[in-house]
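When you line the sequence shown up against mature numbering (1 follows the signal peptide of the UniProt record, and there is no 0), it's residues -18 to -1, 1 to 125, in that order.
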Amino acid sequence: MRLWPLPLLALLGGPAAADIMVAARTIPAQTLLGPGDVLASEGDMPGAASALEEVVGMESRVALYAGRPIRLADLGPPAIVERNEVIPLIYNAAGLRIETEGRALDRAGVGEIVRIMNTASRSTVTALIGSDGAAYVASLESQ
């Protein structure tokens, strides 16, 4: 068994801590985050935001408590579709375009996948929210 000299062990520090973003105050869910809402704090937590740019402009999906690390999973793009909102429901495939109305069953931002109920047939589909606020349904062949 090889023993390390004690002075060498003193040079090996503990794990390096990086900056993580913490809430500056208690932030309710569905709040758009700005620079004044977060602070940089020394620490290390897997999944926590480590830069201001990762947090500013995002929306809190859950309540964020003052002094607690902000997890990236607790943030999302700002919602442009509210729950129960009637929005265009669009299907495009091989030159065929079908458009009808649908009711969003959850809140969602651009690029998020959400369940939409077709108001005419009452069937539920999964769709991607576009920047225009419409829900786009993909065909099974394109997946």
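Virtual Cβ for every residue (Gly too), placed ideally from N, Cα, C.
Notebook entry, point to check: How would you call GLY84, buried or exposed, if buried means at least 16 neighbouring beta carbons within 10 angstroms?
Noted result: buried
Notebook entry, point to check: Do three or more CB pairs link the segment 21 to 32 to the segment 60 to 71 at distances below 8 angstroms?
Noted result: no
Margin query: Just verifying my parser: in three-state terms, what is the DSSP assignment at GLU64?
Written below: coil
Notebook entry, point to check: Residues in its own chain within less than 6 angstroms of GLY49 by CB, not counting five upstream and five downstream?
Noted result: VAL4
Check: In its own chain, which residues sit with a C-beta less than 8 angstroms from the C-beta of SER32, not counting the 5 before and 5 after it?
Finding: ALA(-1), ASP1, ILE2, MET3
Notebook entry, point to check: In angstroms, rounded to a whole number, what distance separates the CA positions of TYR47 and ILE80?
Noted result: 45 angstroms
Note to self: For the beta strand (DSSP E) containing TYR118, name the first residue and the last one.
What the structure shows: 117 to 119
Notebook entry, point to check: Helix or strand or just coil, what does DSSP make of ALA6?
Noted result: coil
Notebook entry, point to check: What did DSSP end up calling LEU71 once you bin it into helix, strand or coil?
Noted result: strand
Note to self: For ALA109 and GLY58, I'd like the C-alpha separation in whole angstroms.
What the structure shows: 17 angstroms
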